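Q:
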Amino acid sequence: MTHDMTHEMTYGTATGCEEAARPERDRDREWGRGRRTAPPGRSVLISGASVAGPALAYWLGRYGFRPTVVELAPALRGGGFAVDFRGTAQLTVLARMGVLDDIRAHSTGGGEPLTFIDGQGRPLAVMPPEFSGGEVEILRSELSRILHRHSLTPPGAHPIPGSPPGGPATPEYLFGDSVSSLTETADGVHVTFERGAPRTFDLVIGADGLHSTVRRLAFGPEKDFVRHLGYYVAAWDLPEDAADLGARPVGYGEPGRLATVGRTPRRSGERGYAGEAFCVFASEEELIPGRRDPRARKQAIARAYEGAGWRTPELIATLGQAGDVYFDSISRADVPRWSTGRIALLGDAAHGATVGGMGTGSAIIGAYVLAGELALAEGDHHTAFDRYERTLRPYVTRCQQGGRGAGEFLAPATREALDARNAALNSPAAVAAMLQQGQDLSAALTLDDYPAQVAAAVRARW
Ligand SMILES: Cc1cc2nc3c(=O)[nH]c(=O)nc-3n(C[C@H](O)[C@H](O)[C@H](O)COP(=O)(O)OP(=O)(O)OC[C@H]3O[C@@H](n4cnc5c(N)ncnc54)[C@H](O)[C@@H]3O)c2cc1C
1 MTHDMTHEMT YGTATGCEEA ARPERDRDRE WGRGRRTAPP GRSVLISGAS
51 VAGPALAYWL GRYGFRPTVV ELAPALRGGG FAVDFRGTAQ LTVLARMGVL
101 DDIRAHSTGG GEPLTFIDGQ GRPLAVMPPE FSGGEVEILR SELSRILHRH
151 SLTPPGAHPI PGSPPGGPAT PEYLFGDSVS SLTETADGVH VTFERGAPRT
201 FDLVIGADGL HSTVRRLAFG PEKDFVRHLG YYVAAWDLPE DAADLGARPV
251 GYGEPGRLAT VGRTPRRSGE RGYAGEAFCV FASEEELIPG RRDPRARKQA
301 IARAYEGAGW RTPELIATLG QAGDVYFDSI SRADVPRWST GRIALLGDAA
351 HGATVGGMGT GSAIIGAYVL AGELALAEGD HHTAFDRYER TLRPYVTRCQ
401 QGGRGAGEFL APATREALDA RNAALNSPAA VAAMLQQGQD LSAALTLDDY
451 PAQVAAAVRA RW
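Per full-length UniProt numbering, the sequence shown starts with residue 1, numbered consecutively.
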């Protein structure tokens with residue numbers, strides 16, 4: 001049974017939230033006054049174990065919360081694309097987590113230059129590797145494994161000095177399950193699962209991506225929050241016999257469509273690169289009616305490239321043999337408020353932008369801020385959620401603007417816009433200015449040193 005929370009409580013009015021939450025908050029305040037510390041071991045359910053979920057579990061475990069992470073997939077998801085980090089803020093948070101060295105050790109070694117070509121294969125412009133690879137590039141699946149592993153590292157290995165009594169907690173992971181209903185009560189959020197037995201948690205965090213289930217259940221239907229930005233992205237691995245297509249990364253562009261033959265780092269444990277098709281095309285139509293129908297998805301991609309020049313027909317023909325095809329609209333999540341009562345959103349669920357929106361780095365920073373604010377708020381999750389959103393929203397809003405820009409940059413809609421994009425790439429000054437944007441964004445974000453603040457707060461209390 002899907003129990004829609006919006007029918008359960010009056011959201012959006014202060015009265016509804018305040019009344020329902022009062023007993024727990026009073027209890028928390030009393031605890032705070034009498035013992036001068038946060039209530040120990042609050043339980044937090046996190047939906048999603050990709051990037052945001054394990055990062056939040058890492059911090060919450062170390063701050064003395066009891067995190068449980070539920071992931072729809074039967075194990076950490078493999079496969080997928082490379083993601084990157086850029087800017088001081090993102091790298092600082094990774095360093096504070098103690099995962100930066102591990103990420104560098106498993107990085108792809110950087111993105112690769114992509115040469116834009118004409119119909120005869122002649123080079124027109126080169127997109128430098130930093131555009132796609134940032135400062136550190138890693139497969140999303142590899143990153144997920146690292147974050148998961150660190151979140152499970154016995155907390156004693158990296159304790160927050162002065163951790164509260166009860167101490168740090170090791171997160172619990174539940175794979176192959178999903179939240180099916182959320183009902184907020186005075187004492188917590190009662191959660192039913194598709195498979196597991198119902199449980200009650202103090203807080204619930206939706207870190208389950210752009211098509212978030214927690215957001216749908218607690219905030220409303222996806223159509224209210226996710227906006228199609230007029231482009232689609234498709235990616236699939238090329239078969240071994242298409243080796244000459246994938247010999248060097250090239251992108252053939254026509255107005256409104258780009259067909260790229262790239263190279264993706266091989267999966268963990270394998271050396272070298274594998275050929276990959278990466279396509280971006282403009283369309284305002286709804287092209288993904290059946291998300292689970294692989295044949296219809298391939299047909300939709302093929303239709304978008306009918307009549308295209310260069311070796312695009314050969315590239316599209318490889319779709320026939322492709323196993324796992326990634327295909328989604330370039331969309332953006334705009335959620336006016338990231339929390340309701342005891343439930344909050346994190347990462348792509350709150351502010352995803354598909355590609356070009358620095359979603360991975362934002363998810364990592366978001367987890368750091370959310371956990372830090374919860375730890376400092378002495379049980380007052382309303383204050384923590386507000387402070388988390390106030391700190392992060394200006395940064396991610398600017399990051400998200402890159403999402404719309406990504407489609408327009410990769411597959412400009414007109415011949416003039418294509419030529420202008422190529423001219424910009426051929427200008428070292430324009431390239432430097434574009435790369436500087438990530439640094440500027442970072443500089444505009446002031447991050448508190450939460451681990452130090454939490455340690456100081458705990459020491460002061462005891
Ligand atoms: C083609 C492509 C290229 C990209 N390149 C970059 C890049 O270069 N740099 C960059 O910063 N970002 C990039 N991104 C974006 C980046 O992947 C996301 O911003 C980032 O993964 C967000 O992390 P997340 O944990 O919030 O969500 P996701 O990574 O989307 O993870 C959501 C998790 O929730 C799980 N889940 C879904 N539904 C449920 C449910 N009902 N119950 C439980 N679990 C559920 C999913 O299985 C998944 O594990 C790219 C995205 C795409 C599509």
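Where is the CB? At the ideal position from N, CA and C, for every residue including glycine.
From a predicted model like this one, the values you see are computed outputs, not experimental measurements.
1. Could you tell me which of Phe-201, Tyr-326, Gly-347 sits nearest to Val-280, measuring between CA atoms?
2. Please find out if some non-hydrogen atom of ligand 1 comes closer than 7 angstroms to the beta-carbon of Glu-276.
3. Run through the DSSP bridge pairs and tell me what His-228 is partnered with.
4. In the DSSP assignment, what are the bridge partners of Thr-340?
5. Can you name the start and end residues of the alpha helix (DSSP H) that Asp-101 belongs to?
6. Buried or exposed for Gln-453, going by 16 or more other Cβ atoms inside 10 Å?
7. With respect to 7 angstroms, is the separation between the Cβ of Glu-71 and the closest non-hydrogen atom of ligand 1 below this value?
8. Residue range of the alpha helix (DSSP H) that Thr-88 falls in?
9. Looking only at its own chain, which residues have a Cβ that is under 6 angstroms from the Cβ of Trp-310, when we skip the five neighbours before and after it?
10. In the DSSP assignment, the alpha helix (DSSP H) including Glu-373 goes from what residue to what residue?
11. Could you tell me if the beta carbon of Ser-132 falls within a distance shorter than 7 angstroms of some heavy atom in ligand 1?
12. Just to confirm before moving on: does the CB-CB distance between Arg-62 and Gly-361 stay below 8 angstroms?
13. Below 8 angstroms between beta carbons: does that hold for Ile-447 and Ala-89?
14. Going by Cα to Cα distance, which pick from Glu-137, Glu-130, Ile-117, Gly-98 is closest to His-106?
15. On the three-state DSSP scale, how would you describe Tyr-305?
16. Are there any heavy atoms of ligand 1 lying less than 7 angstroms away from the beta-carbon of Asp-348, as far as the coordinates show?
17. Would you report the Cα separation of Tyr-395 and Asp-241, rounded to the nearest angstrom?
18. Please state the DSSP three-state secondary structure of Val-44.
19. For the stretch 135 to 151 against the stretch 301 to 310, are there 3 or more C-beta pairs whose distance is under 8 angstroms?
20. Note the first and the last residue of the continuous alpha helix (DSSP H) segment covering Tyr-58.
21. Out of Met-97, Thr-108, Asp-208, point me to the one whose CA is closest to Ala-82's CA.
22. Give the secondary structure of Glu-142 by DSSP, where H, G and I count as helix, E and B as strand, and everything else as coil.
23. Using beta-carbon positions only, say whether Val-179 and Arg-342 come within less than 8 angstroms of one another.
24. What residues match up with Pro-190 in a beta bridge as DSSP calls it?
25. In this structure, does DSSP put Glu-408 in helix, strand or coil?
26. In terms of alpha-carbon separation, which member of Leu-345, Ala-304, Ser-50, Pro-313 lies closest to Gly-220?
27. Distance, Cα to Cα, Arg-248 vs Ala-52?
28. Note the first and the last residue of the continuous beta strand (DSSP E) segment covering Val-355.
29. For a test of the three-state rule: what should DSSP assign to Val-458, helix, strand or coil?
30. Considering Cα atoms alone, identify which of Thr-312, Thr-340, Pro-294, Ile-330 is closest to residue 483.
31. Please state whether DSSP places Thr-68 in a helix, a strand or coil.
32. Check whether the Cβ atoms of Gly-366 and Gly-379 lie closer than 8 angstroms to each other.
33. CB-CB under 7 angstroms to Pro-128, same chain, minus the five flanking residues each way: which ones, in chain order?
34. Can you round the beta-carbon distance between Phe-225 and Ala-75 to whole angstroms, since I take them to be within the 8 angstroms contact cut?
A: Here's the rundown:
1. Tyr-326
2. Glu-276 Cβ: outside cutoff for every heavy atom of ligand 1.
3. Ser-331
4. Ile-343
5. 100 to 105
6. Gln-453 comes out exposed.
7. Yes, since a heavy atom of ligand 1 falls inside the 7 angstroms radius drawn around the Cβ of Glu-71.
8. 88 to 97
9. Gly-119, Tyr-252
10. 359 to 376
11. Checking the 7 angstroms criterion, the Cβ of Ser-132 is within range of a heavy atom belonging to ligand 1.
12. no
13. The amino acid occupying residue 447 in the given sequence is Leu; Ile does not appear at that position. Cβ atoms of Leu-447 and Ala-89: closer than 8 angstroms.
14. Glu-137
15. Coil, per DSSP.
16. yes
17. 44 angstroms
18. The answer is strand: DSSP assigns Val-44 an E or B state.
19. no
20. 52 to 62
21. Restricting attention to Met-97, Thr-108, Asp-208, the CA atom closest to the CA of Ala-82 is found in Thr-108.
22. helix
23. no
24. Before going further, note that residue 190 is His rather than Pro in the sequence given. Per DSSP, Thr-183, Thr-200.
25. helix
26. Leu-345
27. 33 angstroms
28. Counting along the chain, Val-355 falls outside any beta strand (DSSP E), and DSSP gives it neither H nor E.
29. helix
30. For the chain, the structure presents residues 1 to 462; residue 483 sits outside this window and is missing.
31. Note: Thr-68 maps to strand in three-state DSSP.
32. Going by beta carbons, Gly-366 and Gly-379 fall outside the 8 angstroms limit.
33. Pro-113, Val-431
34. In fact, because the Cβ distance is near 28 angstroms, the residues do not count as touching under 8 angstroms.
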